[in-house]
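Protein chains in written order, with the numbering used here: chain V, 81 to 189; chain B, 81 to 189.
Even glycine gets a Cβ: it sits at the ideal position worked out from N, Cα and C.
All figures in this text were calculated on a predicted structure; none of them were measured in a lab.
Below you'll find the structure, written out as structure tokens, and then a few comments.
There are 2 protein chains.
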Amino acid sequence: MGKDPKEENKQEMEQLDEETLFVVSQTFKALSDPTRIRILHVLCEQEMSVNQIAETLDLRQSTVSHQLRFLKNLRLVKYRRAGTTLFYSSDDEHVIDVLQQTINHALHH
Amino acid sequence: MGKDPKEENKQEMEQLDEETLFVVSQTFKALSDPTRIRILHVLCEQEMSVNQIAETLDLRQSTVSHQLRFLKNLRLVKYRRAGTTLFYSSDDEHVIDVLQQTINHALHH
DNA sequence: GCCTTATATGCACATATATTCATATATACA
DNA sequence: TGTATATATGAATATATGTGCATATAAGGC
Chain V
81 MGKDPKEENK QEMEQLDEET LFVVSQTFKA LSDPTRIRIL HVLCEQEMSV
131 NQIAETLDLR QSTVSHQLRF LKNLRLVKYR RAGTTLFYSS DDEHVIDVLQ
181 QTINHALHH
Chain B
81 MGKDPKEENK QEMEQLDEET LFVVSQTFKA LSDPTRIRIL HVLCEQEMSV
131 NQIAETLDLR QSTVSHQLRF LKNLRLVKYR RAGTTLFYSS DDEHVIDVLQ
181 QTINHALHH
């Protein structure tokens, strides 16, 4: 039952299945747009309403709403309702981690 | 000189400057395409020539070359020449780390 | 020099994406 | 019910992106 040298790395060498590839690429796509990065960056500090985000980042309400839908579909943000106002906040620790790591890496290099 | 409560988080709350935003978004853009993910995934295991990559991943030579140029511009890959053959390998530990983290996260959830 | 092999590049094209405007929906309140 | 406020949605548009074909470039061998 000795292992072929080439097989020792088998797990690492295995090609990525289509679903994994899709999930991973979608995740990074979410982080590939400056507007979405800015939105996630403020939301990982505190929850905010759609209009607050728009004012803080100087964006149109509809732009923010469209991007929040994108992020919500990927479950990167969640919201709670308070009257007619929806408070959004980040909802994926791993992605926030990766974003923060990369921001810090960019800031210090 | 007491701090305003809102100012305590000031560093974290600060908006991202344009250059950081650009670098970060470009980095994630590199990782947002399935073809580039596959290329980086094989290159973090071993160096490979353009044609080897194309054969391994069943892609056209020109597709691989185009994407390698993209990755090379961002300094995510490097190459060494051997005759007419160019051997590419990954060249950014941080990005490889982030990619591997996210792949593992996707595989186990 | 010529021929072969490996890679890069320019162009064209189809598709995806981000934003905006206008409008629809939803909730609260008088 | 009607009005005001907050958010979501659809359509249109401009731009970006990924891929493939054809061809150019570069290096090595004869």
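Local conformation of arginine 155(V) per DSSP, three classes:
coil
Span of the beta strand (DSSP E) holding leucine 166(B)?
165-170
Reduced DSSP category for arginine 160(B) - H, G, I as helix; E, B as strand; rest coil
strand
Do we get a CB-CB distance below 8 Å when we pair phenylalanine 108(B) with the residues of chain V?
yes
At 8 Å on the CB atoms, spell out the chain B contacts of threonine 100(V), in chain order.
Ile183, Ala186 and Leu187
For serine 145(B), name the three-state secondary structure that DSSP assigns.
helix
State yes or no: is the beta carbon of lysine 83(V) nearer than 8 Å to at least one beta carbon in chain B?
Low confidence applies to lysine 83(V): its pLDDT is 36, below 50, so where it sits in the model is not reliable enough to give any reading.
Spatial neighbours of histidine 121(V) within its chain, please: C-beta separation below 8 Å, excluding the five flanking residues on both sides.
Leu179 and Ile183
Going by DSSP, which residues form a beta bridge with serine 129(V)?
Phe167(V)
Could you check if aspartate 97(B) is buried or exposed, using at least 16 other CB atoms within 10 Å of its CB as the buried criterion?
exposed
Amino acids of chain V, ordered along the chain, whose beta-carbon sits closer than 9 Å to that of serine 142(B):
Those do not exist, as serine 142(B) stays about 21 Å from chain V at its closest Cβ, beyond 9 Å.
Chain-ordered chain B contacts of leucine 111(V) [CB-CB under 7 Å]:
Phe108
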